[in-house]
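Asks: Pasting a structure below so you can have a look.
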Amino acid sequence: MEALSPCPPAPAITLYEQDELSELTGGALRPGGIALTAELLTYCNLEPGSSVLDIGCGPGHTLNLMATNFGLVPTGLDPSASMLEKAAQQAPSAAILQGTATAIPCEQSCFDAVVCECVLSLTGDIAASLREMHRVLRPGGVLILTDIYCKRPELQPDLPDLQSCASRALPLDAVTDGLAQAGFALVSLRERSDLLKQLAGQIIFSYGSLEKFWQLFMGAEAARRTCCALAAAPLGYYALVAKKEVRHG
Amino acid sequence: MSTFSFLETTTWQCNGCALPLQPAKVTATYLGGSFNVELMACPQCGFILVPEDLAVGKMLEVEQLLEDK
Numbered sequence: 003m004e005a006l007s008p009c010p011p012a013p014a015i016t017l018y019e020q021d022e023l024s025e026l027t028g029g030a031l032r033p034g035g036i037a038l039t040a041e042l043l044t045y046c047n048l049e050p051g052s053s054v055l056d057i058g059c060g061p062g063h064t065l066n067l068m069a070t071n072f073g074l075v076p077t078g079l080d081p082s083a084s085m086l087e088k089a090a091q092q093a094p095s096a097a098i099l100q101g102t103a104t105a106i107p108c109e110q111s112c113f114d115a116v117v118c119e120c121v122l123s124l125t126g127d128i129a130a131s132l133r134e135m136h137r138v139l140r141p142g143g144v145l146i147l148t149d150i151y152c153k154r155p156e157l158q159p160d161l162p163d164l165q166s167c168a169s170r171a172l173p174l175d176a177v178t179d180g181l182a183q184a185g186f187a188l189v190s191l192r193e194r195s196d197l198l199k200q201l202a203g204q205i206i207f208s209y210g211s212l213e214k215f216w217q218l219f220m221g222a223e224a225a226r227r228t229c230c231a232l233a234a235a236p237l238g239y240y241a242l243v244a245k246k247e248v249r250h251g
Numbered sequence: 539m540s541t542f543s544f545l546e547t548t549t550w551q552c553n554g555c556a557l558p559l560q561p562a563k564v565t566a567t568y569l570g571g572s573f574n575v576e577l578m579a580c581p582q583c584g585f586i587l588v589p590e591d592l593a594v595g596k597m598l599e600v601e602q603l604l605e606d607k
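Line by line, the protein sequences are chains A and B.
Once you know that position 163 of the first sequence is 165 in the numbering used here, the rest is easy, because the numbers rise by one and skip nothing.
Once you know that position 55 of the second sequence is 593 in the numbering used here, the rest is easy, because the numbers rise by one and skip nothing.
This is the structure in structure tokens:
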């Protein structure tokens, strides 16, 4: 009898590239959407003409916002070629780079600001990502960071391999400690779990239930386990601004 | 923000106004959550009909989500 070869593992599902999520969030693939981005950019009060790197730029809605509404000079970075193609159409004035947060293909100290929305927990190495963000920022430059976090890390969910910040959420103190170690000073930290609940509510109204939404990307049993795991270890959403400290001496 | 339509043909009418219900855009709010929906409502007094299957289905799940249940 021929030996059976093991089935190759199913490719990990990339949630943010799914059309269903894009349709629900109006293009900006995260809780709070483009409105939260505008709120944070307004808070930072960047000078027109400031250079800003958008890490995980996706289809380019933030790039377009930065160029059109704030007069900034945006650069978009994303590992997905299909996303970058959309970004180039959405924000034709933006520079577009393919790459990852852990190895940003840019010179040091070349940006006035870095924006990283609902991406950090996807990078696989937050320490390396934060070091890279610090490296490419000029001294005194600002970092806008939003992401999902795990409210009960002791109950960290065991989720199917879904490339989404939901399955890789970190405890909030892991993020703030990482920022300090990378040389950032925290300027503002806001708890915005209300935005995550808003998105979840929209998912329920749209698809009937959260379990039915997850079934779009995985089998029924995996969707049920996902819902149970997330119910046991709930997620929150944060939005923070940090500054690259200026070292003296 | 997306609008979720729950319009349906209905024989219900507003008892106070004695008028048939018409489609209406409604903002449903609860514990900080806000959702744009389309429901049947009285064109005069604005009284809204929430179908039972919506109330015990999607709306209940959203309520429990917002209540952290």
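Yeah, the Cβ is synthetic: ideal placement off N, Cα and C, and Gly gets one too.
Which two residues bound the contiguous alpha helix (DSSP H) that contains MET85/A?
Replies: Position 83 of the first sequence, counted from the start, is the residue given in the question as residue 85/A. 83-92 is the extent of the alpha helix (DSSP H) around MET85/A.
Asks: Given a limit of 8 Å on CB to CB distance, which residues of the stretch 577-596 of chain B reach chain A?
Replies: GLY595, LYS596
Asks: Does ASP80/A pass the burial test, meaning 16 or more other C-beta atoms within 10 Å, or should it be called exposed?
Replies: Here residue 80/A corresponds to residue number 78 of the first sequence, with the count starting at 1. With 16 or more Cβ atoms within 10 Å of its Cβ, ASP80/A is classed as buried.
Asks: Check each residue of the stretch 44-57 of chain A: if its Cβ is closer than 7 Å to any Cβ of chain B, include it; give the result in chain order.
Replies: none
Asks: Tell me which same chain residues have a C-beta within less than 8 Å of the C-beta of GLU4/A, skipping the five on either side of it?
Replies: Residue 4/A sits at position 2 when you count from the first residue of the first sequence. Note on GLU4/A: pLDDT 43, under 50, position unreliable in the model; the coordinate value appears next. Correct list: empty, nothing qualifies.
Asks: Could you check where the alpha helix (DSSP H) with LYS214/A kicks off and where it finishes?
Replies: Counting from 1 along the first sequence, the entry for residue 214/A is found at position 212. Where LYS214/A is concerned, the enclosing alpha helix (DSSP H) stretches over 212-216.
Asks: For VAL243/A, which option in ALA37/A, LEU43/A, PRO94/A has the closest C-alpha, if you only look at C-alpha atoms?
Replies: In the first sequence, counting from the first residue as 1, residue 243/A sits at position 241. Of the listed residues, the one whose Cα sits closest to VAL243/A is LEU43/A.
Asks: Are the C-beta atoms of VAL600/B and some chain A residue less than 8 Å apart?
Replies: As a position in the second sequence, residue 600/B is number 62, starting the count at 1. Yes, because at least one Cβ of chain A sits closer than 8 Å to the Cβ of VAL600/B.
Asks: Run through chain C and tell me which residues come within less than 9 Å of LEU545/B, C-beta to C-beta.
Replies: Looking for chain C here will not work: the only protein chains present are A and B.
Asks: SER572/B to MET85/A, Cα distance in whole Å?
Replies: Position 34 of the second sequence, counted from the start, is the residue given in the question as residue 572/B. Position 83 of the first sequence, counted from the start, is the residue given in the question as residue 85/A. Between SER572/B and MET85/A, the C-alpha separation is close to 30 Å.
Asks: Distance check for GLN200/A and SER540/B, CA to CA, integer angstroms please.
Replies: Taking the second sequence and counting its residues from 1, the one referred to as residue 540/B is at position 2. Taking the first sequence and counting its residues from 1, the one referred to as residue 200/A is at position 198. C-alpha separation (whole angstroms): 12 Å.
Asks: Report the neighbours of GLY571/B on chain A: residues whose CB is nearer than 7 Å to its CB, in chain order.
Replies: As a position in the second sequence, residue 571/B is number 33, starting the count at 1. LYS199, GLN200, GLY203, listed in chain order.
Asks: Which residue marks the beginning of the beta strand (DSSP E) containing CYS46/A, and which one marks its end?
Replies: Position 44 of the first sequence, counted from the start, is the residue given in the question as residue 46/A. Per DSSP, CYS46/A belongs to no beta strand (DSSP E); it is in the alpha helix (DSSP H), 35-46.
Asks: Cα separation between GLY62/A and GLY34/A?
Replies: Here residue 62/A refers to the residue found at position 60 when the first sequence is read from its first residue. Here residue 34/A refers to the residue found at position 32 when the first sequence is read from its first residue. Computed Cα separation, rounded: 16 Å.
Asks: Provide the residue span of the beta strand (DSSP E) that contains CYS152/A, from first to last.
Replies: Taking the first residue of the first sequence as position 1, residue 152/A is located at position 150. That run of the beta strand (DSSP E) goes 139-152.
Asks: Hey, LEU598/B and LEU587/B are a contact pair by Cβ (cut 8 Å); roughly how many whole angstroms apart?
Replies: Sequence index remark: in the second sequence, residue 598/B carries index 60 (1-based). Sequence index remark: in the second sequence, residue 587/B carries index 49 (1-based). Contact flag wrong, Cβ pair sits at about 17 Å.
Asks: According to DSSP, is PHE207/A helix, strand or coil?
Replies: As a working note, residue 207/A is residue 205 in the first sequence. Three-state DSSP puts PHE207/A in a helix.
Asks: Where do the ends of the beta strand (DSSP E) carrying CYS118/A lie?
Replies: For the purposes of this step, residue 118/A is taken as residue 116 along the first sequence, with counting starting at 1. Its beta strand (DSSP E) spans residues 113-119.
Asks: Just the chain B side, please: which residues come within less than 8 Å of ILE150/A by C-beta, in chain order?
Replies: Residue 150/A sits at position 148 when you count from the first residue of the first sequence. What ILE150/A touches in chain B: nothing, since even the nearest Cβ is about 15 Å away.
Asks: At a Cβ threshold of 8 Å, is ALA14/A touching chain B?
Replies: Working through the first sequence from its first residue, we reach residue 14/A at position 12. Caution is warranted here: a pLDDT of 49 is assigned to ALA14/A, below 50, making its placement in the model unreliable, and the coordinate value is therefore given only provisionally. Chain B contact via Cβ: absent.
Asks: Within 8 Å of any Cβ in chain A, is that where the Cβ of LEU603/B sits?
Replies: Residue mapping note: residue 603/B aligns to position 65 of the second sequence, counting from 1. By this cut-off, LEU603/B is an interface position.
Asks: Does ILE206/A have its Cβ less than 8 Å from a Cβ in chain B?
Replies: Translated into the one-based positions of the first sequence, residue 206/A becomes position 204. Interface residue, yes.
Asks: Within 8 Å of any Cβ in chain B, is that where the Cβ of SER211/A sits?
Replies: By one-based count along the first sequence, residue 211/A stands at place 209. Chain B, which has a Cβ nearer than 8 Å to the Cβ of SER211/A, makes this yes.
Asks: Cutting at 7 Å between CB atoms, please list the residues of its own chain near PRO76/A, excluding the five before and the five after it.
Replies: Position 74 of the first sequence, counting from 1, holds the residue named residue 76/A. Only residues of its own chain outside the window of five on either side were considered, and among them VAL54, ASP56, LEU65, MET68, ALA69, ALA93, ALA96 have a CB closer than 7 Å to the CB of PRO76/A, listed in chain order.
Asks: When you compare each of GLY58/A, SER52/A, PRO236/A to GLU156/A by their alpha carbons, which one comes out closest?
Replies: Residue numbering aside, residue 156/A sits at position 154 when the first sequence is read from its first letter. Out of GLY58/A, SER52/A, PRO236/A, the CA that lies nearest to the CA of GLU156/A is found in PRO236/A.
Asks: Out of GLU134/A, THR102/A, TYR45/A, which one is the CA nearest neighbour of ALA185/A?
Replies: If you number the first sequence from 1, residue 185/A lands on position 183. Per the sequence shown, residue 185/A should be read as Gly rather than Ala. Selected option, being the one with the closest Cα: GLU134/A.
Asks: Which chain B residues sit within Cβ distance under 7 Å of ASP196/A?
Replies: As a first step, residue 196/A must be located in the first sequence, where it is residue number 194. The CB of ASP196/A comes closer than 7 Å to the CB of GLY570 in chain B, given here in chain order.
Asks: Between ARG227/A and SER195/A, what straight-line distance do the alpha-carbon atoms span, to the nearest angstrom?
Replies: If you number the first sequence from 1, residue 227/A lands on position 225. If you number the first sequence from 1, residue 195/A lands on position 193. For the pair ARG227/A and SER195/A, the Cα-to-Cα distance works out to about 22 Å.
Asks: Count the other CB atoms within 10 Å of the CB of LEU147/A; is the residue buried (16 or more) or exposed (fewer)?
Replies: As a first step, residue 147/A is located in the first sequence; it is residue number 145 there, counting from the start. Buried, since its Cβ has 16 or more Cβ neighbours within 10 Å.
Asks: Would you kindly work out how many angstroms separate the C-alpha atoms of ARG170/A and LYS88/A, rounded to a whole number?
Replies: For the purposes of this step, residue 170/A is identified with residue 168 of the first sequence, where counting begins at 1. For the purposes of this step, residue 88/A is identified with residue 86 of the first sequence, where counting begins at 1. Looking at the two C-alpha atoms, the distance is approximately 26 Å.
Asks: Label LYS563/B either buried or exposed according to how many other C-beta atoms from any shown protein chain fall within 10 Å of its C-beta, with 16 as the threshold for buried.
Replies: Start at 1 with the first residue of the second sequence, and residue 563/B comes out as number 25. Exposed, because fewer than 16 other Cβ atoms sit within 10 Å of the Cβ of LYS563/B.
Asks: Which residues in the same chain as GLY554/B place their Cβ atom closer than 8 Å to its Cβ, once the five residues preceding and following it in sequence are excluded?
Replies: By 1-based counting over the second sequence, the position of residue 554/B is 16. Counting only Cβ-Cβ distances below 8 Å, and skipping sequence neighbours, we find CYS580, CYS583, PHE585.
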